[in-house]
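Enquirer: Quick one: the structure is below, questions incoming.
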Amino acid sequence: MSLDTMTAEWPHHYRAGSAGAPVLLMLHGTGGNEEEFARLADALDPDATVLAPRGRVTEGGMLRWFRRVSEGVFDVDDVVRRAGDLAWFLAWARAHYEFGERPVIAVGFSNGANIALATVLLHPEALDGVVAFSGMFPLTGREQTAGLSGTPVLLLNGRSDPMAPLASVTTLAAALTEAGALLDQRLRDGGHGVAAADVTAAQGWLAQRALVAG
């Protein structure tokens, strides 16, 4: 199957929004799905266009974005490949849905945050920003040579998250800063998940991006 055919047949949820609002690329976590996670977009920006593809890897019957060796240990070669696939899907969607020059902001949770972060580090041209809920560094042992040139990234993590430990989050923040991202990092008490405080922070961050763009 060619990449063009693959992207055209990639299951996804799409909802057109206001022409003046961004496109939110909603990336679900392990065990989630595109319809479920797309609903978060209403809380973040009800005017946004919503594009929510489905993870194309399964583990124990659960949808994921890439393979892993064990909990917290990723198949980095597969991460790299799947990030390339997602970048290709975005290029297809931009043309198919006629996004034009509208900014595309990836919003991901857990495994979805990790594929968003891998994509922006490896294919910075594909995204105009990232909101990562409970993400961690997805490219251990792999150098990233692409520059982010001020691409805004919001990291939202719990201090006691066993699934996205602070050591990995610290590595992630350093990699993003070194690549030139405009990084905003927020830590809260608690563990893995999308807390109410995280949603509030993401709402404000997205609103600020809209004001700056305007």
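Position 211 of the sequence shown, counted from 1, bears residue number 192 in this note's numbering, the numbering being contiguous throughout. C-beta: ideal position from N, C-alpha, C; glycine also. Nothing here was measured: the structure is a model prediction, and the numbers come from that model.
Helix or strand or just coil, what does DSSP make of ASN14?
Expert: coil
Enquirer: Which residue wins for smallest C-alpha separation from ALA107, given the options PRO27, ILE86 and PHE90?
Expert: ILE86
Enquirer: Out of ALA33, ARG63, LEU32 and ARG48, state which residue places its alpha-carbon closest to the alpha-carbon of THR39.
Expert: ARG48
Enquirer: Around the Cβ of PRO27, are there at least 16 other Cβ atoms within 10 angstroms (buried) or fewer (exposed)?
Expert: Answer is exposed; the Cβ neighbour count stays below 16.
Enquirer: Please go through the region 117 to 177 and give each complete alpha helix (DSSP H) segment of 4 or more residues, from N-terminal end onward.
Expert: 147 to 160
Enquirer: Would you call SER91 buried or exposed, if buried means 16 or more other Cβ atoms sit within 10 Å of its Cβ?
Expert: Counting Cβ neighbours within 10 Å, SER91 comes out buried, since at least 16 surround it.
Enquirer: Just to check my reading of the structure: GLY89 and ALA72 have Cβ atoms closer than 8 angstroms, yes? What is that Cβ distance to the nearest angstrom?
Expert: In this structure GLY89 does not touch ALA72 by the C-beta definition: roughly 18 angstroms separates them, more than the 8 angstroms allowed.
Enquirer: For ALA2 versus ALA29, is the C-beta distance shorter than 8 angstroms?
Expert: Their beta carbons are under 8 angstroms apart, which means ALA2 touches ALA29 by this criterion.
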